[in-house]
Each structure stands twice: as structure tokens, then as C-alpha cells.
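Q: Just so you know, the sequences run in chain order A and B.
When we follow UniProt numbering, the leftmost residue of the first sequence carries the number 1, and every step to the right adds one.
When we follow UniProt numbering, the leftmost residue of the second sequence carries the number 1, and every step to the right adds one.
Virtual Cβ for every residue (Gly too), placed ideally from N, Cα, C.
It should be emphasised that the depicted structure is a prediction, and the values quoted were computed from it without experimental measurement.
Got a structure for you, questions after.
Protein chains: 2
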Amino acid sequence: MRKVEVFMEEKGIAIGDYIEVVEKEDNRMITHKGIVMPPYELSKGETLTIKLDNGYNIGVLIDQIFEVRILEKAKPREEISFKEVLPKKPELPNVTIIGTGGTIASKIDYKTGAVHAAFTAEELAKAVPEIFEIANITPKLLFNIMSEDMKPEYWKKIAYEVAKALNSGEDGVIIGHGTDTMGYSSAALSFMLRNLGKPVIFVGSQRSSDRPSSDAAMNLICSTRMAVEDFGEVAVVMHGETGDTYCLAHRGTKVRKMHTSRRDAFRSINDVPIARIWSNGKVEYLRDDYRKRSENEVWVDDKIEEKVALIKVYPGITGEIIEFLVDKGYRGIVIEGTGLGHTPNDMIPSIKRATEEGIVVCMTSQCLYGRTNLNVYSTGRKLLKAKVIPCEDMLPETAYVKLMWVLGHTQDLEEVRRMMLTNYSGEITPYTRFDTYLR
Amino acid sequence: MRKVEVFMEEKGIAIGDYIEVVEKEDNRMITHKGIVMPPYELSKGETLTIKLDNGYNIGVLIDQIFEVRILEKAKPREEISFKEVLPKKPELPNVTIIGTGGTIASKIDYKTGAVHAAFTAEELAKAVPEIFEIANITPKLLFNIMSEDMKPEYWKKIAYEVAKALNSGEDGVIIGHGTDTMGYSSAALSFMLRNLGKPVIFVGSQRSSDRPSSDAAMNLICSTRMAVEDFGEVAVVMHGETGDTYCLAHRGTKVRKMHTSRRDAFRSINDVPIARIWSNGKVEYLRDDYRKRSENEVWVDDKIEEKVALIKVYPGITGEIIEFLVDKGYRGIVIEGTGLGHTPNDMIPSIKRATEEGIVVCMTSQCLYGRTNLNVYSTGRKLLKAKVIPCEDMLPETAYVKLMWVLGHTQDLEEVRRMMLTNYSGEITPYTRFDTYLR
């Protein structure tokens with residue numbers, strides 16, 4: 001137990017209690033009043049964090065606490081359905097928020113200190129009242145899983161839920177999603193939602209909403225703004241930098257989580273984000289080649305082949321992993337090759353065996369940035385001869401999702417190749433802009 | 001065939017010919033003289049590139065060529081050993097360049113347009129005379145393979161060659177290496193070369209030296225400068241930005257190829273580069289916690305366990321890949337997890353089986369930037385219970401190489417854990433600096 005936990009136990013203080021703390025600094029005594037916040041789980045645990053009446057959080061060093069008094073014990077969370085509280089305003093657009101779990105819908109388990117998926121979409125919406133001034137919000141908790149457990153079958157469920165909402169008159173849909181696999185899900189919906197004409201916005205948070213540094217509220221506000229825009233694609237809306245200045249809307253097929261913990265972890269790779277959503281509400285488009293809003297009826301094309309694998313190559317890898325996948329009945333393999341899209345030459349016979357047996361093998365690059373090109377070096381040419389499909393500048397994760405979707409439609413190699421190289425949802429940029437590297 | 005190739009064939013022009021071209025631009029006629037360069041393989045092929053007498057390359061639009069004359073046909077490459085030409089200067093430090101292959105030592109096969117590993121270290125050194133003003137250069141062609149074919153057994157050979165050179169009085173060693181897997185090899189040598197007190201510099205090039213935009217010469221010059229510095233670690237020296245302003249020296253365990261084709265593809269991840277080497281020759285250190293030069297006798301600790309795999313997780317992956325590796329007798333598995341270091345909960349039983357059977361499982365993040373933390377979410381805690389070792393902020397590629405090396409020394413899980421979490425060669429940063437993200 002850390003110092004803060006020992007202190008709280010000794011003093012009988014619980015998270016949520018309204019307290020008065022007298023801090024002794026040198027010879028001065030300073031008094032603070034506020035609500036006790038959960039100790040930040042990565043800290044050394046030497047401070048007590050309280051939310052002051054003005055909403056600001058401060059940390060007080062345990063060693064400097066002279067006196068502490070509990071003014072009011074924490075109350076159990078109110079359980080009012082927020083639908084009763086907030087009637088629809090006819091002048092506002094209508095947005096459905098679909099909850100699927102993740103940190104944006106999570107709270108800290110005060111007993112263990114770990115974060116569990118727990119908030120319902122209702123609770124979440126209640127916590128961010130600003131969004132009700134932008135749109136009439138219909139929350140819907142579809143499921144509640146952390147995103148590391150996301151699976152292709154859930155992508156389908158989300159896609160149908162989105163289509164149902166949009167085709168019944170909603171102006172936009174927001175999907176609350178864990179950040180770990182959000183890029184995979186946004187790619188999946190980009191392919192599955194055909195004839196889309198309204199915004200479908202994925203949003204998550206890197207810090208749970210219980211935490212002082214949470215990005216949940218601003219991300220949700222910016223998503224709601226994007227969800228009512230003149231825009232008709234799947235996008236991910238997350239913090240654009242570590243401060244609260246703006247969020248970015250990234251195209252669903254070109255976005256990747258590039259940092260384990262920063263609030264600006266999500267980045268467009270090989271592409272320019274679609275828009276910047278400033279904290280003052282202004283939406284600034286960063287490009288003009290995006291699909292505008294339309295009254296299209298969206299339909300779900302969810303035919304996918306789940307027997308697809310994503311393999312990263314490295315010095316020392318052998319062909320046996322490819323042989324294993326062939327033997328296990330996989331229908332497609334996406335390789336994260338080195339550089340322009342290479343594997344050790346030793347692996348090529350196994351790859352050839354795979355393609356000869358009708359298994360599709362696609363090539364992407366573990367560099368992430370840049371474009372595959374199998375014409376430059378002799379290894380690349382041998383891979384082309386082995387019928388490997390180089391996936392232009394597609395992200396490995398997007399190529400994986402796309403290959404599942406393509407193989408759901410055809411198993412004919414030439415047709416698979418044609419579809420993999422057809423740009424369905426902005427997954428391929430025709431040429432790579434110089435200013436899209438490491439931004 | 002592209003326009004430039006048709007044009008060259010029609011006119012009987014070969015790469016290397018010395019020609020005179022009359023260009024018609026509006027009503028002006030401009031005459032250029034120079035050597036014909038290979039057409040840039042990614043261009044539209046509408047220009048003829050020639051190297052002028054002043055060394056500068058220009059492209060002339062085929063459509064604007066009014067007249068062309070061959071002044072001198074290309075001569076076969078001279079085959080003088082450059083050792084005869086360049087006697088040692090006693091006042092200069094001594095640097096050995098070990099050639100292993102890759103683009104920096106490659107030339108274009110003019111028949112197919114593909115690039116083959118072909119230059120010897122001698123030829124390469126001849127092409128960059130500037131390095132002979134910095135040091136006495138001893139070139140040594142160890143082998144000649146493209147780096148996608150690099151293997152752990154080759155790391156050992158390189159390590160012994162480096163140790164031999166340094167312990168026989170060389171002041172520094174440069175290793176010419178293909179860029180695809182250079183980060184893996186630099187990590188491997190960082191662990192294998194113990195008690196190192198002199199610079200060991202990996203260098204490569206993203207564009208072969210036949211190409212107008214080649215980075216080979218400047219990278220080699222900057223590597224040579226770094227190889228004679230007051231520095232005693234393994235580093236990678238490559239372009240720091242796309243222009244020819246400076247190179248960066250990256251710590252061997254913290255560097256990654258982040259772009260398929262840009263000259264500034266190599267980046268320090270979660271860390272600050274060691275130094276900037278300006279094109280005017282100045283070496284500017286960007287940190288002060290690097291090892292300085294010493295007269296230590298380096299020794300090679302090359303005990304490694306090759307039965308280690310690197311696995312990336314994604315939605316839809318199952319535990320069967322882990323089961324396969326266990327059944328195949330693998331001794332270690334490095335997982336590239338999602339976010340802070342997660343796998344689908346479905347995979348955890350297979351991971352548990354692996355660790356129960358004595359196989360070490362380490363966790364890194366596919367985000368690349370940031371640090372693993374298995375204490376935040378319940379999935380992480382379950383992975384910790386399954387005895388997974390979270391690898392701090394180590395790159396997945398570095399963790400893979402390190403686990404091979406650690407398992408070469410002990411198979412005892414607690415000792416493996418201790419060694420994986422011991423910072424041997426800068427592979428773990430104690431805290432992550434804010435300014436190391438996406439630079």
C-alpha cells in the first residue's frame with residue numbers, strides 16, 4: 001500500500017468524501033476544501049489529490065498534511081435515467097452514442113485501483129452536459145468490453161447498430177470504444193458501411209474520466225461536433241496534442257494508436273487528418289477530398305472471412321509459421337515485412353506454397369510510414385513472382401481488416417488482388433504527401 | 001518501358017555514357033554535358049538524368065531534348081585495389097569499415113533495373129574520398145547479403161569482427177548494413193559487445209549510390225566522424241532530415257526504421273538521439289549520458305537462444321499461435337500487445353500454459369511509443385498473474401533480440417525477469433521524456 005492509501009485508511013477517508021485539509025508548508029498553514037479523488041495509479045502515492053470547489057485538482061503531499069477533517073461523506077451515485085431529465089430540442093440535430101466499453105466508459109475500481117469498464121453510456125453523457133447543447137443525444141449501451149477483447153463479430157454488431165440509427169433519421173453516430181484496437185474497428189466499419197452519407201465517429205479516452213487528466217470530456221464534445229458536420233465518413237476523433245486546444249478527426253482507415261498513454265496517441269499515418277476540432281467549437285477542415293453528408297441509405301456489407309492472420313517478420317523468423325497457418329486452414333495472411341516489404345529469402349518457398357494452395361498473401365511494411373514497393377530489390381521481385389500482393393501505403397492493421405472483408409466476397413486470387421488495390425474508403429493514398437511523416 | 005528507356009534505346013545511350021544534350025525550352029537552346037545516370041525507378045520516366053561535370057545532377061525532360069550526342073561511351077569500372085592508392089597517414093585515427101551488404105553497398109543492375117548487393121567495401125570507400133581525410137580506412141567485406149536475410153548467426157560474426165578490429169588497435173568501427181533490419185542488428189551488437197569503449201557505428205543508405213538522391217556518401221562521412229569521436233557505444237548514423245544538413249547518431253537499442261523510403265527513416269523511439277553530425281563536420285551531442293571512449297578490451301558475449309518468436313496481437317487472433325510455438329519447442333515469446341501491453345483475454349490461457357511449461361513471455365506495445373504498464377487494467381493484471389514480463393519502454397524488436405540474448409545465459413524465469421528489466425545498453429529509459437514522441 002502506498003503512503004496515500006495508508007493515510008486514507010488511517011483517517012477513514014474515502015474517494016468522493018468532501019474534506020478540509022490543512023497543509024503546513026514551512027511555517028505557513030494553508031487550508032483547502034474539496035472532494036477526494038482516486039490516487040493516480042502511476043504516481044508514487046505520496047500525495048492526496050482533491051478536486052477544489054472551483055473544479056481544479058490539486059495534490060497535497062501527505063507529509064505536509066497537518067490536519068484533515070471530513071466535512072461530508074461521499075454519497076452513492078444518483079441513478080436517474082437522464083432521458084427523463086433532458087427532453088429533445090427540435091432545433092438540434094440528433095446523434096446516437098453507441099457504447100462498446102473502453103476507458104472512455106470506465107471507472108476506477110476503488111478497491112483494487114484497477115480500471116474496469118463500468119460507466120453506461122447514460123452515465124457518461126450525464127458527465128458531459130456540453131454535448132446536449134450540440135445535439136439531442138440518444139445513448140445506447142451495445143456492449144461493455146475492453147477493446148483488447150474486440151472481435152470481428154462485434155464489428156458486425158456495431159455496424160448494424162450504426163446503420164439502424166442512421167437509417168431511422170439520426171444525423172450522426174458516435175461510437176465510444178477502447179483505444180487499444182480502435183484503429184482496427186474504425187477500419188472495419190469503413191469497409192462494412194457501404195453507401196455511407198453521415199458521420200460515424202469513433203471516440204475513446206486515454207485516461208479514465210475519474211482521473212484529473214482525463215481526455216474523455218473534450219474528446220466526446222469534439223466527437224459530437226464532428227457528428228453533426230457536413231461529413232459522411234467513418235473517422236476517429238481524439239486529442240490532437242497533449243493540451244486541451246484541439247482534437248483531430250482522422251480517416252478511419254489511416255489512423256493508428258502510436259503511444260501507450262499520451263492523450264495525443266492517435267495519428268494519421270501517410271495521410272493528413274480530415275479536420276481539426278478546436279476547443280472553441282470551430283471545425284477546421286485540413287483537406288477537401290472528404291465525402292460530404294448525404295441522405296444515402298447506408299447498408300451493411302459484413303461478409304468477412306475470419307481465417308486471416310497478421311504476421312510480422314524479423315531476423316530469425318522461419319517459414320514454419322506460414323506452413324502452420326496453411327495447415328490450419330487460414331485463407332489469407334498479411335505480412336508486416338521489413339523496409340519496402342521484404343521477408344527473409346528463406347521464407348519465400350513457404351509463401352509460394354501458401355499462394356499455390358490458394359491462400360492470399362499480402363505485403364505491408366513494419367516501418368508503418370511510406371509505401372511498399374516490391375520492384376526495387378531482388379527479394380521483392382521474388383515475392384511478386386510468388387504472387388504476393390503489395391498493399392501500397394496501407395497500414396498493416398488496415399490491410400488485415402480489409403483482407404478479411406475482401407475474402408468474404410471472393411476467393412479468386414486475381415479478384416482479391418483487384419479489390420485489395422481498389423481504394424474503397426481512403427485506405428490507399430495515390431501518392432504520399434511529404435508532410436505526413438511523424439506528425 | 002518508360003519514355004526515358006525508349007529514348008535511350010532509340011539513341012543507343014547507355015548508363016555511364018558521357019553525352020551532350022541540347023535542350024529546347026521555349027525558344028532558347030541550352031546545352032548540358034555529363035554522365036548518364038540510371039533512371040530513378042519510381043519516377044514517371046519522362047526525364048533523362050545526367051551528372052554534370054561539377055557533380056550536380058539534373059533531369060532533362062525527354063520532350064524538350066532537341067539533340068543528343070554521345071561524346072564517350074561508358075568504360076568498364078576500374079578494378080584497382082584502393083589500398084595501393086592510399087597509404088596510411090600517421091596523424092589520423094584508424095577506422096575499419098566492415099561491409100555486410102545492403103543498399104549502401106549496392107548498385108543497380110542495369111539490365112533489370114533492380115538493385116543488387118554488389119559494391120565491395122573498397123569500391124564504396126573509393127566513391128567517398130572525404131572519409132580518407134578523417135581517418136585511415138581499412139575496408140573489409142565480411143559478407144554481402146541484403147539485410148532482410150540477416151540472421152542471428154551473422155550478428156555473431158559481425159560482433160567478432162568488430163572486437164577483433166577494436167582490440168587490435170582500431171579507433172572505431174563502421175558497419176555498412178542494409179537498412180531493413182539494421183535496428184535489429186544494432187540492438188544485437190549492443191548486447192553482445194561487452195566492455196565496449198570505442199564507437200561501433202552502423203550505417204546504411206536508403207537510396208543506392210548510383211542514384212542522384214543517394215544518401216550513401218553523406219551517411220558514410222558522418223559515420224566516419226562519429227567513429228573517431230570520444231564515444232564508446234553502438235550507434236546507428238543516418239540522415240536526420242531529408243536534406244543534406246545533418247545526420248543523427250541513434251543509440252543502437254532505441255532506433256527503428258520508421259519509413260520505407262525517406263532518407264530520414266531512422267528515428268530514436270522513446271529517447272533522444274545521442275548526437276547530431278552536421279554536414280560541416282561538427283558533432284553536436286544532444287545528451288550527456290553516453291559512454292565515453294576508453295581503452296577497454298571489448299569481448300563478445302554471443303550466447304543466444306534462437307528459439308524465440310515475436311508475435312503481434314490483433315482482434316481475432318487466437319491462442320493457437322502460442323500453442324504452436326510451445327509445441328515447436330520455442331523457449332521465449334515476445335508479444336507486441338495493444339496499448340499498454342494487452343492481449344485478448346481469450347489468449348491468456350495459452351500464455352499461462354506457455355509460462356507454466358517454462359517458456360518466457362515478454363510484453364511490449366505495438367504503439368511503439370510509450371511504456372508498457374500491466375497494472376492499469378484488469379487484462380494487464382491477469383497477464384501479470386500469468387507471469388508475463390512487461391518490458392518497460394523497450395522496442396518490440398529490441399526486446400526480441402534481448403530475450404534471445406538473455407535466454408542464452410539463463411532459463412530460470414526469475415533470473416530472466418531480472419535480466420530483462422536490467423538496463424544493459426540503454427534499452428530501457430528510466431522515464432520517458434516528453435519530447436521524444438514522433439520526432
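Tell me the rounded alpha-carbon separation between R262(B) and G370(A).
A: Computed Cα separation, rounded: 8 angstroms.
Q: Which same chain residues, not among the five before or five after E233(B), have their C-beta less than 8 angstroms away from its C-beta?
A: S190, L196, P199, V200, R251, G252, I274, Y290, R291, S425, G426
Q: Are the beta-carbon atoms of Y18(B) and L61(B) separated by less than 8 angstroms?
A: no
Q: Output yes if chain B places a C-beta closer than 8 angstroms to the C-beta of E241(A); else output no.
A: no
Q: Quick check: the segment 292 to 309 of chain B against the segment 151 to 168 of chain B, are at least 3 beta-carbon pairs closer than 8 angstroms?
A: yes
Q: Please classify S213(B) as buried or exposed, where buried requires at least 16 neighbouring CB atoms within 10 angstroms.
A: Exposed: under 16 other Cβ atoms inside 10 Å.
Q: Starting from the Cα of G339(A), find the closest Cα among P396(A), K303(A), Y285(A), A14(A) and give me that residue.
A: P396(A)
Q: Taking C-beta pairs closer than 7 angstroms, name the residues in chain A that H259(B) reaches, listed in chain order.
A: C367, Y369, G370, Y437
Q: Does the structure place the segment 218 to 227 of chain A close enough to the segment 302 to 320 of chain A that three or more beta carbon pairs sit under 8 angstroms?
A: no
Q: Which residue from D264(A), T96(A), D230(A) puts its Cα closest to that of G243(A)?
A: D264(A)
Q: Quick check on DSSP: helix, strand or coil for F143(A)?
A: coil
Q: Among K24(A), G101(A), K89(A), E241(A), which residue has its Cα nearest to the Cα of V68(A)?
A: K24(A)
Q: Write down the C-beta distance between E148(B) and T181(B) rounded to the nearest angstrom, noting that I regard them as a contact closer than 8 angstroms.
A: 6 angstroms
Q: My understanding is that K312(B) touches L310(A), with C-beta atoms under 8 angstroms, so please give their C-beta distance in whole angstroms.
A: 6 angstroms
Q: Quick one: does D301(B) have its CB under 8 angstroms from some CB of chain C?
A: Note that chain C does not occur in the displayed structure, where the protein chains are A and B.
Q: Starting from N345(B), follow the alpha helix (DSSP H) in both directions and report where the run begins and ends.
A: Unbroken run through N345(B): none, as it is neither H nor E.
Q: Give me the chain B residues within the contact set of Y400(A), using Cβ-Cβ distance strictly less than 7 angstroms, ordered along the chain.
A: Y314
Q: Quick one: list the residues of chain B neighbouring G34(A), beta-carbon separation under 9 angstroms, in chain order.
A: Within 9 angstroms Cβ-Cβ: nothing; G34(A) doesn't reach chain B, min ~25 angstroms.
Q: What residue from K89(A), T429(A), F231(A) has the CA that sits closest to residue 508(A)'s CA?
A: Coverage of chain A is limited to positions 1 through 439, which leaves residue 508(A) absent and any answer about it impossible.
Q: Using 10 angstroms around the beta-carbon of K328(B), count the other beta-carbons present and answer buried if the total reaches 16, otherwise exposed.
A: exposed
Q: Does any residue of chain A have a CB that is nearer than 8 angstroms to the CB of R263(B)?
A: Taking Cβ atoms only, chain A never reaches closer than 8 angstroms to R263(B), which makes this a no.
Q: Taking 8 angstroms as the cut-off, decide whether the C-beta atoms of G341(A) and E306(B) are in contact.
A: Going by C-beta atoms, G341(A) is not nearer than 8 angstroms to E306(B).
Q: By DSSP's criteria, L413(A) is part of a beta bridge. Which residues make up the other side?
A: L413(A) pairs with nothing; no bridge assigned.
Q: Distance, Cα to Cα, N423(B) vs T100(B)?
A: The alpha-carbon atoms of N423(B) and T100(B) are separated by roughly 28 angstroms.
Q: Since K164(A) is in the alpha helix (DSSP H), which residue starts that stretch and which ends it?
A: Looking at the DSSP string, the run of the alpha helix (DSSP H) that includes K164(A) is 152 to 167.
Q: Provide the residue span of the beta strand (DSSP E) that contains C362(A), from first to last.
A: 360 to 365
Q: Can you check which of these residues, T224(A), I13(A), T31(A), R331(A), is closest to V21(A) by C-alpha distance?
A: T31(A)
Q: Relative to the alpha-carbon of R287(B), which residue among K73(B), R276(B), N280(B), S223(B) has its alpha-carbon at the smallest distance?
A: The residue with the shortest Cα to Cα distance from R287(B) is R276(B).
Q: Relative to the C-alpha of D63(A), which residue among C362(A), E133(A), V4(A) is closest?
A: V4(A)
Q: Which partner residues does A275(A) have in the DSSP bridge list?
A: A249(A), Y285(A)
Q: Examine the Cβ distances between the segment 87 to 98 of chain B and the segment 134 to 143 of chain B and report whether three or more of them are shorter than 8 angstroms.
A: yes
Q: Could you have a look at S223(A) and say whether DSSP puts it in helix, strand or coil?
A: helix
Q: Given this structure, state the Cα-to-Cα distance separating E284(A) from T49(A), to the nearest angstrom.
A: 36 angstroms
Q: For a quick check, are the C-beta atoms of I13(B) and M37(B) less than 8 angstroms apart?
A: no
Q: In chain order, what residues of the segment 172 to 186 of chain B put their CB closer than 9 angstroms to some CB of chain A?
A: G178, T179, D180, T181, Y184, S185
Q: Which residue comes first and which comes last in the alpha helix (DSSP H) that contains Y400(B)?
A: From DSSP, the alpha helix (DSSP H) with Y400(B) extends over 396 to 407.
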